[in-house]
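According to our numbering, the residues represented by the sequence shown are 1025 to 1868, in order.
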Amino acid sequence: MSPVLRTQLGGVARRPARLLLTGLAMLVASFVVYATVLAQQITLRTALDTLSGTPEAVDLVVHSPDSENAAPITTTQLGKIKAVPGVAEAVGRVETGGEIGGQYLSVVGDPGTGALSVAKVTQGRYPSAPNEIAVTPRTASRMGLPLGTELGLKVYGPDDKDKTVKLQVVGIVDPADDFGSQAYAPQSSVTALTGGDTLQQIDVRLDAGADAGAVRTAIEATGGKRAPDVRSGADVRLDEANQAASDLNALFAVVGMFIAIAVVAAGLVAASTFRIVFAQRMRQLALLRAVGAGRGALVRALAAEGVLTGLAAGVVGVLGALAVGSAVPPVLRLFDITVAGPGVPVLPAVGVIALAVVVTLLAVIAPAASAARVAPLEALRAAATTAGKHGIGKLRWVFGLLLVAGAALSAAYVATNLPGRDTKDYHPDVMLLAIVFSGALAYFALIALGPVLMRPVLAVVGLPLRRLGPVGRLAVGGVGGATRRAAAVSVVVALGVTLIAGVVVGGASLRVLADRELASSAPADFELTAGDGATLPADLVSRATGSPQLRHVTTYRRLNEVKVGAAPSHFDANDLDLAALPELSKIDVAEGSLSDLRPGTIALSGWAAEDAGAHLGDRVEVSAAKGKQKLTLTVAALLPSSAPLGSSVLLHHSDMDRLGAPAPASGLLADAAQPGEDGRTAGQQALRQVMDNRSGLGLNVLADQRDQENEAIDAVLAIALGLIGLTVLIAVVGVGTTTALSVVERARESGLLRAVGLTRGGLRAMLTTESGLYGVIGAALGLLLGVPYAFLTVKALGVNAPLRLPVLQLLLVFAALVAFTALAGVLPARRAARVSPVVALGTE
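Structure follows, in C-alpha cells:
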C-alpha cells in the first residue's frame, strides 16, 4: 500500500463520522434498492399463498382434456373419482347464475365446510337443501338479501327456456373476494340449477401417505379413452398466483425505473459531498503534493476512499433493509395481516453492495481529479476560497449550451408534431421517447450550467429574505458564496420536483379526461333499463321520482336503428336531457356545444360523423328504420367519442317524437340521495322496491364503475408519487449532508459572526434558512422544467386530455420541499450554535 493511500485511509479511520456523512446518500439509496427487492419477494410470496383460488389442501385438480372434441367432466366422473383408493375427498366446481330484480346473481358451488371450502360461514348456516343459498355480506346489503329472504331466481336455459327457481337465504359467507353479486351452495344444488351434469373442474384431496402418482393414474383411467387432464394442486396454485401477480411484476418493473433515477440522484449527491470534503482537506492534499505525491497517486488514493465509502454504505444499507424487511411480517400480524417473509436474497444483496461501490466510485472520480489538479500553493489557501469559486470553464459552457440546444430542438420537434383531436393512425411512442430524450438533455444542461444559474435564480428567490433583516441577508450570501455547492445540491432537489410536478400535472389532466369519459358512460349512480324494445311502466318512473333515497331522477328513450345522411350503418340514438344530471356537464365536445341542442338539431359521435361525412353546421337527413318520417337536422355538436350511454346520436326529445319513438321511457337514471356506500345501498334498495320484482327490467350500479376507475387512478398516482419520493428523500439527505459539512468548513465564519453579536438563535436561523434555500432554488427549477414537459407528455399521448395546472397542489409541493430541506439543516445548525465563539475562531 502506498504512503499516500495509507495517509488517506488513516484519516478516514480517525474520522468515521465524515465517512458516514459522505456516504449517507448512497446508504439511503442502497437501503431503498434492497428494500424494494425484499418488498418484491414479500409480495410475490404472499401472492403464491393468497392470490390462488385453489385451496391449499387440494392435492390434484382434474380438468377436461385440452382438446376441441374432448368431453367435459361430469358428476358421474366425480363419483368415480371419489371411489379411487387414496382419495380422501373430491369436490366438483361449477358456477351458474340468474336474474333477481333486474340484477345478475352468480351462484357458486362449494362444500362450505372442510379443507376444500373457499367460503366460510359467518352468520346462519351453510345451505343443505336444494332450494337454499348463502350470500356474501356485500351481496346481502346491495341486493337486499338478508338471512331468511325468499327470492325467485330467473335462470337462463337453452333455447330461451328460462325458469324461475324459488330460493331462500340461510347463511352469510365470507369468500376471498366479495363483488356484491355472489351466492354459494353445495355443488349438487348448483348443478340442479344448470339442468345438466357438467363440472368445470374437480378438486381432490388425498389420504395421508397416499401415492400421488398412482392416484393420478387411477383418476385418468376413470375417463376411459378420453382421460381427463390431471395436474398437481401446487402447479395449479402457482399458475393462478403468477397470473394474478402478473400486474405486480409490471409494477415492480416501473418501480425499477424510479429506483434507477433515485440511484442517479444519490450519485450526484455523493459527488457533491466528495467535492466539499476534498475542498476541506486541501491543506493536507497540498502537503502531500509538496513532499512528492503525484496527481495520479492522489487520484487513486481518493478513489480508494470512495470505494471504501461505497462499500460501507452498501453493507449498512443492505443490513438495515434486511432488518426492516424481516420485521414487516411479525409487525403486520399484530394487525391481523398475514404476509410471507422475504427470506435472505443473497445474490441481490451482493449486487446492491456492488452497485453502491460502482456508483460511489463514479461519483468520486471527478472531485478526486479536480482536487489532485490543484497546485500546492493554491491548495494551501483557505478551503472556503476554493469552494467559493463561481464560474465554469469554457468547455463546460460549450457543452452546457449544446445540451440546451439539443433539449430545445427535441421539444420543438414534439411541439410541432403533436396530434390534433383526430388521433387516427397516431403512435405516441416516438413522441414520448423524444420527450424523455429532451428532458434528459435539459437536466444534464442544468447540471453543467448550474453554477452560473445560481446567482440569477438566487437573486429572484432570495429577494424576500433580504428584506427580513441581517439573518436573511447572511443566509442568501452564504448560499451565493458557494454557487457550485448550491448548484450540486439544488439540481438533485430539482430532479425530484420535476418528476413530482410531472405526475401532479399529468395526473390532473388525465383525471379530467377520465371524468369526461365516465360522465358519458356512467352519468349517474344507477341505471334502470327495460329489455330490448320494451319500455318502463309510467308508475315505476313516478315512484322512483318520489323516492327520498334518490335524486336527479331522469328518463330517456332509445331508437336502435337510426340512419344519418349517407352513412351505410345504422346508429343508436337517445334523447337524454343533458341538464338533468350534474355529471353530464363534464362531457367533452370536439366541436360546437351541447347547449345548442334544441329542436331541429343533432349531436353526433366522432365515428357517426365520419361515417356520415357530416361536419359542424351541416344539414343531414335523419330517419328511423321502422318509421316513415324523415327529418333534416342541423349538426350542433360533434363529440370526440360516443354520445352518453354509448349511443352514437343525441337528439332533442321533440325530434324523437317526430321519428316515431314510443312515448314511454326506455331507461331511467338516478343518483343516490346520500353519499358513500350506505347511501348507494339505500338507493339501490329503493330502486329494487320500485321494480317490485317485475320481469324484463335490469338494474346497473354505474357508480361502482366510477369508483373502480377513480381508485385505479388514485392508486397509480399514489404509487408514482411514493416512488418519486425516494428521489426527494435522497435530495433532502444531500441537503442535510451539505449543511453539516458546511458547518465544519465555516466554523471560523460562524465564530466571527457570534463574536460580532449574532446570537445562537440567529446563527441557527441563518443556517436553517440556507438549508431551506437549497429547496427553494431546486423547487423553482424543478417546476420550470416539470410543468412544460408534463404538458408536452399529456398532449403527446394522443388521448385528447385537457391541460390542467393544479396550482394549489404545486404550491403544496413547493412548500413541502422547502420545509423538508429546511428541517434537514436543523441539526447541523443546532450543532454550530452550541460551539463557543472562542473555539470556533481557533479552528483552522
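Each residue gets a CB set at the ideal place from its N, CA and C atoms; glycine is no exception.
For residue i, which residues does DSSP report across the bridge?
i: D1198; result: K1144
i: A1696; result: L1574
i: E1113; result: R1229
i: S1629; result: L1663
i: H1087; result: D1253
i: K987; result: In the structure as shown, the chain begins at 1025 and stops at 1868. Residue 987 is therefore absent and cannot be evaluated.
i: V1588; result: V1646
i: L1721; result: A1554
i: K1654; result: S1647
Can you tell which of the options has the C-alpha that lies nearest to the C-alpha of residue i?
i: Y1467; options: I1196, G1802, S1165; result: G1802
i: L1683; options: E1607, V1586, T1751; result: V1586
i: D1731; options: E1701, V1082, S1054; result: E1701
i: L1427; options: G1474, A1685, L1175, T1188; result: G1474
i: L1711; options: G1570, V1108, A1380; result: G1570
i: F1844; options: V1517, L1657, Q1573, V1331; result: V1517
i: A1295; options: E1264, T1333, D1259, L1777; result: T1333
i: A1755; options: Y1058, V1454, L1841, K1418; result: L1841
i: D1198; options: Q1192, L1191, A1207; result: A1207
When the Cα atoms are used, what is the spatial distance from residue i to residue j?
i: L1498; j: P1852; result: 17 Å
i: R1509; j: V1757; result: 14 Å
i: G1349; j: R1575; result: 50 Å
i: G1103; j: V1111; result: 11 Å
i: K1106; j: E1113; result: 7 Å
i: P1151; j: A1200; result: 19 Å
i: A1179; j: V1189; result: Sequence check: residue 1179 is Val here, not Ala. Looking at the two C-alpha atoms, the distance is approximately 7 Å.
i: P1699; j: T1163; result: 19 Å
i: A1407; j: A1387; result: Unreliable positioning characterises A1407 in this predicted model, as indicated by a pLDDT of 45, which lies under 50. The coordinate reading is nonetheless provided below. Cα to Cα, A1407 sits roughly 21 Å from A1387.
i: V1288; j: A1604; result: 53 Å
i: L1782; j: T1762; result: 22 Å
i: L1442; j: V1714; result: 51 Å
i: D1695; j: A1511; result: 54 Å
i: A1627; j: F1595; result: 12 Å
i: A1403; j: L1821; result: At A1403 the pLDDT is 48, less than 50, meaning the model places this residue with poor confidence; the figure from the coordinates comes in the next sentence. Rounded to whole angstroms, A1403 to L1821 spans 53 Å at the Cα level.
i: V1565; j: T1625; result: 27 Å
i: V1301; j: I1416; result: 20 Å
i: P1488; j: R1479; result: 15 Å
i: A1848; j: S1795; result: 7 Å
i: G1630; j: G1121; result: 37 Å
i: L1721; j: A1839; result: 54 Å
Once DSSP output is grouped into helix, strand and coil, what is the label at residue i?
i: R1250; result: coil
i: A1411; result: For A1411, the predicted model reports a pLDDT of 46, less than 50, meaning its position is unreliable and no value from the coordinates is stated.
i: A1406; result: For A1406, the predicted structure reports a pLDDT of 47, less than 50, and the residue's modelled location is therefore unreliable. A value from the coordinates is still provided. DSSP places A1406 in coil when its eight states are reduced to three.
i: G1133; result: strand
i: G1219; result: coil
i: V1193; result: strand
i: N1734; result: helix
i: Y1180; result: coil
i: Q1224; result: coil
i: I1157; result: strand
i: E1080; result: coil
i: L1640; result: coil
i: D1596; result: strand
i: V1673; result: strand
i: R1582; result: strand
i: A1317; result: coil
Starting from residue i, follow the alpha helix (DSSP H) in both directions and report where the run begins and ends.
i: R1784; result: 1784–1820
i: K1418; result: 1418–1440
i: I1459; result: 1453–1485
i: D1681; result: 1677–1682
i: S1514; result: 1507–1545
i: F1359; result: Element bounds for F1359: n/a, residue is neither H nor E.
For the beta strand (DSSP E) containing residue i, list its first residue and its last residue.
i: F1203; result: Here F1203 belongs to no beta strand (DSSP E), and DSSP marks it neither H nor E.
i: G1121; result: 1119–1124
i: T1553; result: 1550–1554
i: S1394; result: Taken as a continuous stretch (DSSP letters only), S1394 belongs to no beta strand (DSSP E), being part of the alpha helix (DSSP H) at 1370–1397.
i: S1647; result: 1643–1648
i: K1104; result: Run containing K1104: none in the beta strand (DSSP E); it sits in the alpha helix (DSSP H), 1099–1106.
For the ligand HEM, I want to know if residue i counts as a neighbour, meaning its beta carbon is within less than 7 Å of at least one of the ligand's heavy atoms.
i: V1142; result: As presented, the structure is devoid of all ligands, the ligand HEM included, so that no description of it is given.
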